[in-house]
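A.B. asks: Got a structure for you, questions after.
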Amino acid sequence: MTQASRRKIAVLVKGYPRLSETFIAQELRGLEQAGLDLVIVSLRHPTDRKRHPVHDEIEAPVQYLPEYLHQALFRVVRGLITSARKPGFGAAFKGFLSDLRRDFTRNRVRRFGQAAVLVAEWPEGADWMHAHFIHTPASVARYASRIAGVPWTVSAHAKDIWTSPDWELAQKLQDARWTVTCTRTGHDHLRQLAGDRAEAVHLSYHGLNLQRFPHVDRPASAHDGRDPDAPVTILSVGRAVPKKGYDVLLQALAQLPPDLHWRFVHAGDGPQRAKLQQQAETLGLGDRITWLGPVSQSEVLEQYRKADLFALACRITADGDRDGLPNVLVEAASQGVACLSTAISGIPEFFTDGENGLLVPPEDAPALAGALEQAITDPQLRQTLGAAAEDRVRKTLDYHTSIRQLVDLFDTEWNTTP
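My numbering puts the last residue of the sequence shown at 421; the count rises by one with no breaks.
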């Protein structure tokens, strides 16, 4: 039994459960299996209509903070009264006012109010907080930590790093006991902002639960786009949001030779889905595309195994939002599917162009179309790239490694914390 098993962690997440955050659910279950006692504190109620199987395996209870303060005035007032009696409230409120001057938004007020409610409704037995995402959940954890004197740590991922102001990231990196992030690019950026606490920023790739994504013997595909009765199946899994670059991918598909036979399958929901469907119709692609909508992990696995090629045209948006190393790319690779994506963020940390995947510049529809045509017409290339990517996943991205790294970080910290 590890030292970690004698401590209870309140894990703060933005929303729970969420289909798009399988990696968080996978980590929570892995930490439970490693002996940690968890309680999940969610800032939002769920909005997804489906759940992944792993959500039903997680044993931790879930507490929901008020998503909008005006809808839970009694809880908020009680939280503020309770928090005001704590020795750290004055310092926390002073810090909040300083933050508010730099970020005069309702969200800032909401974060402090949620922190007060968390302190007043503190999970019984918890003596540590770990926030998933260094933006909103970490803000709530930081304020609650100051009020209640409970230490906290944080996992930073992608959007939360690149859309947060540097001043706020620097504050959180100073206050958190340690920070872990999942790509080398994010790790290097956070270490620069951490100053004298750079050594408290750790790199840990998410990895994949390979038991949920076992090896499958893929029959050699002869699909090369010439037979209209055997089109090449191109799959993409992801939310319909700007950073996924689906508009660029549709433009690239429209630029493929008209006599090339393919079909595109998209799995996922998101605010831009209707707009993308309209774009596909305008480009004359409607009869070649299947929009599956939100799907469970088991349904996604089935789609990976049917696909000839996986494509994701990631980009950096105007506000800095971007993916890190998208988990769907790793999942697809685990099934031996050849992957085509863009050379941004953590994607080149795993994929090498022409070796275990195909990478093109972001926002470049002609380059993406050229890579698509190359992959569609060359089944041997797809097989070679897919096999190489799967081999790397199974050798380097088993999620048990990241779970051990997290448990070691908790153990080290707790062995030196009274």
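We put the beta carbon where it would ideally sit given N, CA and C, even for glycine. Computed from a predicted structure; not experimentally measured.
Are the beta-carbon atoms of L238 and F313 separated by less than 8 Å?
C.D. replies: Taking 8 Å as the Cβ cut-off, L238 and F313 qualify as a contacting pair.
A.B. asks: Would you mind giving the Cβ-Cβ distance between Q66 and V80, rounded to the nearest angstrom? I have them listed as a contact below 8 Å.
C.D. replies: So it is not a contact: roughly 18 Å between Cβ atoms.
A.B. asks: Just the Cα atoms here: how many angstroms apart are T25 and T50?
C.D. replies: If I take the Cα positions, the gap works out to 15 Å.
A.B. asks: Should the stretch 400-407 be regarded as contacting the stretch 204-221, the criterion being three or more beta carbon pairs within less than 8 Å?
C.D. replies: Yes: the two stretches touch, three or more of their Cβ pairs being nearer than 8 Å.
A.B. asks: Locate the beta strand (DSSP E) running through G296, then write down its first and last residues.
C.D. replies: Note, G296: beta strand (DSSP E), I292 to G296.
A.B. asks: Going by DSSP, what residue range makes up the alpha helix (DSSP H) through S101?
C.D. replies: Unbroken alpha helix (DSSP H) run through S101: F92 to R105.
A.B. asks: What residues in its chain sit with their C-beta under 7 Å from that of A129, if we drop five residues either side in the sequence?
C.D. replies: Hits under 7 Å: K11, I12, A13 and V42.
A.B. asks: Which of the three DSSP states, helix, strand or coil, is assigned to T184?
C.D. replies: The answer is strand: DSSP assigns T184 an E or B state.
A.B. asks: Taking T182 and L176 to be in contact with their CB atoms under 8 Å, please state how far apart those CB atoms are, rounded to whole angstroms.
C.D. replies: Sure, about 6 Å apart at Cβ, within 8 Å.
A.B. asks: Check F413 in the structure and name its three-state DSSP category.
C.D. replies: It is helical.
A.B. asks: How many whole angstroms separate the CB atoms of P245 and T320, which I take to be in contact at a CB cut-off of 8 Å?
C.D. replies: The pair is a contact, with the Cβ atoms about 5 Å apart (cut-off 8 Å).
A.B. asks: List the endpoints of the continuous beta strand (DSSP E) containing Y307.
C.D. replies: Unbroken run through Y307 is the alpha helix (DSSP H), Q300 to K309; no beta strand (DSSP E).
A.B. asks: Who are V14's beta bridge partners in DSSP?
C.D. replies: The partner list for V14 (beta bridge, DSSP) reads I43 and H133.
A.B. asks: Near C317, which residues of its chain fall below 8 Å by C-beta distance, leaving aside the five closest residues on each side in sequence?
C.D. replies: For C317, where only same-chain residues beyond five positions count, the Cβ hits under 8 Å are K246, K247, G248, R325, D326, P329, S344, T345, I347, S348, I350 and P365.
A.B. asks: Grab me the residues of S86's own chain with a C-beta within less than 6 Å of its C-beta, minus the 5 sequence neighbours each way, in chain order.
C.D. replies: Excluding positions up to five away in sequence, the list reads F92, A119, V122 and I150.
A.B. asks: For a test of the three-state rule: what should DSSP assign to Q29, helix, strand or coil?
C.D. replies: In the structure shown, Q29 sits in a helix (DSSP, three-state: H, G or I).
A.B. asks: Is it the case that the stretch 222-237 contacts the stretch 329-342, given that we only count it when at least three CB pairs across the two stretches are under 8 Å?
C.D. replies: Too few Cβ pairs lie closer than 8 Å, so no.
A.B. asks: Report yes or no: do the stretch 407-419 and the stretch 216-233 share at least 3 C-beta pairs separated by less than 8 Å?
C.D. replies: No, the stretch 407-419 does not touch the stretch 216-233.
A.B. asks: In the structure shown, what three-state DSSP assignment does D250 receive?
C.D. replies: If DSSP states are grouped into helix, strand and coil, D250 belongs with the helices.
A.B. asks: With A2 and H55 assumed to form a contact (beta carbons below 8 Å), what rounded beta-carbon distance in angstroms separates them?
C.D. replies: Since the first residue shown for the chain is 4 and the last is 421, residue 2 is missing from the structure and cannot be characterised.
A.B. asks: With DSSP as the reference, label Q6 as helix, strand or coil.
C.D. replies: Confidence at Q6 is low in this model, with a pLDDT of 45, below 50, so the placement of that residue should be treated as unreliable; the coordinate-derived value is given next. If DSSP states are grouped into helix, strand and coil, Q6 belongs with the helices.
A.B. asks: Quick one: what's C342 bridged to in DSSP?
C.D. replies: Answer by DSSP bridge pairing, in chain order: F313.
A.B. asks: Helix, strand or coil for L422 per DSSP?
C.D. replies: Here the chain comprises residues numbered 4 to 421, so residue 422 is not present and cannot be evaluated.
A.B. asks: Where V240 and S224 are concerned, what is the direct C-alpha to C-alpha distance, given to the nearest angstrom?
C.D. replies: Approximately 21 Å between the Cα atoms of the pair.
A.B. asks: Terminal residues of the continuous alpha helix (DSSP H) containing W165?
C.D. replies: Where W165 is concerned, the enclosing alpha helix (DSSP H) stretches over K162 to W165.
A.B. asks: Use the C-beta contact count for H48: other C-beta atoms within 10 angstroms, 16 or more gives buried, fewer gives exposed.
C.D. replies: Label assigned to H48: exposed.
A.B. asks: Tell me the rounded alpha-carbon separation between G323 and A243.
C.D. replies: Taking the straight line joining both Cα atoms gives about 17 Å.
A.B. asks: At which residues does the beta strand (DSSP E) containing A179 begin and terminate?
C.D. replies: Element bounds for A179: n/a, residue is neither H nor E.
A.B. asks: Mapping DSSP to helix, strand and coil, what is R276?
C.D. replies: Looking at R276 - three-state DSSP - the assignment turns out to be helix.
A.B. asks: Could you give the DSSP three-state label for H403: helix, strand or coil?
C.D. replies: Helix, per DSSP.
A.B. asks: Where does A270 fall in DSSP's three states?
C.D. replies: Three-state result, A270: strand.
A.B. asks: CB V219 to CB A270, shorter than 8 Å?
C.D. replies: Result no, Cβ atoms of V219 and A270 do not sit closer than 8 Å.
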